[in-house]
Each structure stands twice: as structure tokens, then as C-alpha cells.
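*Asks:*
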């Protein structure tokens with residue numbers, strides 16, 4: 004069963020705008036990761052945040068984690084057409100390796 | 277360097293047939309994973325290999341599914357007596373041992 008749930012399911016924005024998507028999960032985690040998937044093929048790792056961290060940045064990406072609310076958000080700033088993709092959050096429990104994925108948020112960036 | 281590769285990229289088969297999917301992980305990666313992604317869905321964990329340890333097969337949906345990893349490198353996922361509900365993209369990932377996983381492009385399986 005899927006641990007994470009992304010919100011919204013789909014997002015359409017203009018190039019240059021920011022995109023925010025959220026992930027909620029049910030059980031305690033060791034870490035939470037965000038992945039990007041283009042055209043329904045392989046996933047690319049974007050960023051990992053551990054349970055004892057609250058915020059991480061990587062380039063135009065900002066991830067927050069609120070373990071009390073069991074939720075995370077991914078912000079993409081100054082979006083580009085190349086950011087058009089599906090974004091998945093994945094959580095890992097105590098064993099750290101077994102990832103549980105949500106159904107994803109599909110982001111479309113209009114030129 | 278070379279990433280994770282998977283063959284074939286697409287496979288169309290008939291119900292009841294046997295299929296074999298192959299994954300070549302990144303050289304030196306000790307961990308290897310198989311996932312299944314149905315249309316519009318997230319990834320479903322199937323099986324995990326780590327070095328010479330016994331694999332975690334807890335995600336395999338039925339005994340028609342099996343996987344092996346030879347010599348700690350290449351892995352094959354086999355599905356016997358395929359059913360239409362087996363249609364999905366099968367993704368392989370490898371890892372050097374940490375939590376970050378590196379994914380292959382996937383094999384799109386269609387069972388007619």
C-alpha cells in the first residue's frame with residue numbers, strides 16, 4: 004500500500020512562477036525523498052530530508068518536513084518548461100531502504 | 277558514467293506467457309530494487325537485494341513473480357503465466373548502500 008499522498012494531483016503554472024506540492028504520510032519515517040519522473044519512465048532523485056531536519060535547499064528546490072503533521076512540501080522556484088514532470092515523494096522507515104511512494108503530482112509549466 | 281539499464285524497453289506478450297525482464301545496475305552498487313508502476317500510479321515495491329544477504333521478497337504480488345541476482349550484479353525479474361493485470365512499467369533501481377536510489381528507464385510490459 005502507498006504510504007505517501009501528494010497534493011495536488013495536477014498543477015499547471017506559467018514559466019517563471021513557483022510550484023508547490025505537498026506530501027502527507029501515515030507512519031513514522033527515517034527519511035523522505037522527492038523524485039522526478041519524465042514521460043512515465045525512470046525516476047531521478049531530487050532531494051532527501053531526514054526526520055531530524057526541517058528544511059533543505061538544492062538549487063531552485065526547497066523541501067520542508069513537519070514530522071508532527073506527517074507532511075512535507077516541495078517548492079520549485081522560478082519554474083522552467085523543463086520542470087514539466089511528475090513529482091513523487093517517497094518515505095523510508097527504520098530500515099532506510101524500503102521506499103513507499105505516493106501517486107505523484109503532475110506539474111505542467113506553460114511557456 | 278553508465279546508469280542503470282533495463283532491457284527490453286518494451287515488451288508485449290499474450291496472457292499466459294512467460295516474460296523475463298533484465299536489469300544492469302550501476303557498477304559497484306550493492307543494493308538493487310524492483311518496483312512496479314501501474315498507469316497513473318506511484319511505485320509499488322517488489323523486491324530488494326543487498327549484497328549476499330537473502331532478498332526481501334515481501335512486495336512480490338504472487339508466486340508467479342520471482343527475481344534473482346547473479347554474481348551480485350545483473351538481475352532478472354520473471355513473471356510466469358502472465359495476466360492482464362501484470363501490465364505496468366517495471367522499474368529497477370540500484371544504490372551504493374545509502375537511501376538514495378538510482379533508477380533505470382523501465383520496461384513497459386503489456387499483456388494482451
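Chains as they are written, first to last, in the numbering used here: chain A, 4 to 114; chain B, 277 to 388. Idealized CB from N, CA, C, for every residue including glycine. Since the model is a prediction, treat every value here as computed from it, not as a measurement.
(1) State yes or no: is the C-beta of residue 310/B within less than 8 Å of the C-beta of residue 278/B?
(2) Going by beta carbon distance, what residues of the same chain come within less than 8 Å of residue 95/A, once the five residues before and after it are set aside?
(3) Assign residue 362/B to buried or exposed, taking buried as 16 or more other Cβ atoms, counted over all protein chains shown, within 10 Å of its Cβ.
(4) Which whole-angstrom value describes the C-beta separation of residue 380/B and residue 281/B, a residue pair presumed to lie in contact below a C-beta threshold of 8 Å?
(5) Taking its Cβ as the centre, do 16 or more other Cβ atoms sit within 10 Å of residue 57/A, making it buried, or is it exposed?
(6) Excluding sequence positions up to five away, which residues of its chain have a Cβ less than 7 Å from the Cβ of residue 88/A?
(7) Cutting at 6 Å between CB atoms, please list the residues of its own chain near residue 113/A, excluding the five before and the five after it.
(8) Near residue 335/B, what residues of its chain come up, given a Cβ to Cβ distance below 7 Å and the 5 sequence neighbours on each side ignored?
(9) Using a Cβ-Cβ cut-off of less than 8 Å, give me the residues of the segment 81-114 of chain A that come near chain B, in sequence order.
(10) Please go through the same chain and pick out, in chain order, the residues whose beta-carbon is closer than 6 Å to the beta-carbon of residue 4/A, but skip the five residues on each side of it.
(11) Taking the beta strand (DSSP E) that residue 336/B belongs to, which residues open and close that run?
(12) Strictly under 8 Å for the Cβ-Cβ distance: is residue 45/A near chain B by that measure?
*Replies:* Let me spell this out:
(1) no
(2) 32, 33, 34, 35, 36, 101, 102, 103
(3) buried
(4) 6 Å
(5) exposed
(6) 39, 40, 41, 110
(7) 17
(8) 320, 321, 322, 323
(9) 91, 93, 95, 99, 100, 101, 102, 103, 104, 105, 106, 107
(10) Any reading at residue 4/A needs caution, since the residue's pLDDT is 47, under 50, leaving its predicted position unreliable; the model's value is listed next. So no residue of the chain qualifies.
(11) Looking at the DSSP string, residue 336/B is not in any beta strand (DSSP E), and its letter there is neither H nor E.
(12) yes
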